[in-house]
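So the sequence shown is numbered by my numbering: it starts at 571 and just counts up by one. For each residue, glycine too, the CB sits at the ideal point set by N, CA and C.
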Amino acid sequence: LLSREAGELDDCVQYLNAVVESPPPPLAVADVWVEMGCVRQEQGEEELAQDAFARAADLGADVTTAEYWHTLALKLEQVVVVPEHTRGTAAARTGARRAEAAIRRAIELAPDRAEAHLLLGCILYRADRNREAREVLRHAIELEPTLLEAWIKLGEACEALHRWQEAVDVYRSALRNLLPAGPRADD
């Protein structure tokens, strides 16, 4: 992995392929595929990155660490859901489904992680599933009221649902909860 840090991505791919061909225990192989996906992403090889992350999900079926699933969901979202040029494509929809499944697994393993609920809310929001996103984001805020991005995404989900007053209330609540105590301007 030092090759990756040094920017020698082709060497890194060659090394990771060698590791996969002589597999260590399942979790280590799944981690190698996550790493392969990251390298392929950095190389601009989005299809290969998505394939690597899909293999990581398949191999990680028995993994019981929420951090693994959270990281996998985040990587899947970054490579196929977020980039503008992939939005609306079959690859983006497949990646979004995989990312959603991975983050739901993370939540199942660690239901009190607000960041996992935030990521699920973002995935649902990007899929135009705003009612679901709204509920998930509310739960993220219940778990961690200082999670700014959850407040912002909740407001955006309310706006997408044309719940204008609710969006305004969310943004006001965010300001009240996140600004330091002291003099405040009137609403």
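Own chain residues within Cβ distance below 7 Å of residue i, not counting five before or after
i    : result
A737 : G725, C728, E729
V602 : L586, V589, V590
T800 : Nothing can be reported for residue 800, as the shown portion of the chain is limited to 571 through 757.
Other residues of its chain near residue i: CB distance less than 6 Å, five sequence neighbours each side excluded
i    : result
R690 : Looking at the sequence provided, one finds Leu at residue 690 rather than Arg. Once the five neighbours on either side are set aside, the close Cβ partners of L690 are I673, V706.
H687 : V706, H709, A710
G752 : Residue placement at G752 is flagged as unreliable, the pLDDT there being 48, under the threshold of 50; the coordinate-derived value follows with that caveat. Within the same chain, G752 has no close Cβ partners at all.
Span of the alpha helix (DSSP H) around residue i
i    : result
A680 : Looking at the DSSP string, A680 is not in any alpha helix (DSSP H), and its letter there is neither H nor E.
S743 : 734–748
L724 : 718–730
T641 : 636–646
A697 : It is not in any alpha helix (DSSP H) - A697 carries neither H nor E in the DSSP assignment.
Q620 : 616–629
Own chain partners of residue i with C-beta closer than 8 Å, once the 5 adjacent residues on each side are dropped
i    : result
D756 : Confidence is the limiting factor: at D756 the pLDDT is only 47, short of 50, which leaves the residue's position unreliable, though a coordinate-based value still follows. Closer than 8 Å at Cβ, skipping near neighbours: no residue.
Member of the options whose CA lies at the smallest distance from the CA of residue i
i    : options                : result
E714 : A744, I693, E702, E615 : A744
R675 : W734, H732, L644       : L644
N747 : A626, Q735, R733, I722 : I722
Any non-hydrogen atom of the ligand COA closer than 7 Å to residue i Cβ
i    : result
E719 : With respect to the ligand COA, the structure shown offers nothing to examine, as it has no ligands at all.
Supposed contact pair residue j and residue i - C-beta distance, whole angstroms, cut 8 Å
i    : j    : result
A600 : R610 : Between R610 and A600 the Cβ distance is about 16 Å, and since that is not below 8 Å, they are no contact.
A697 : A666 : 5 Å
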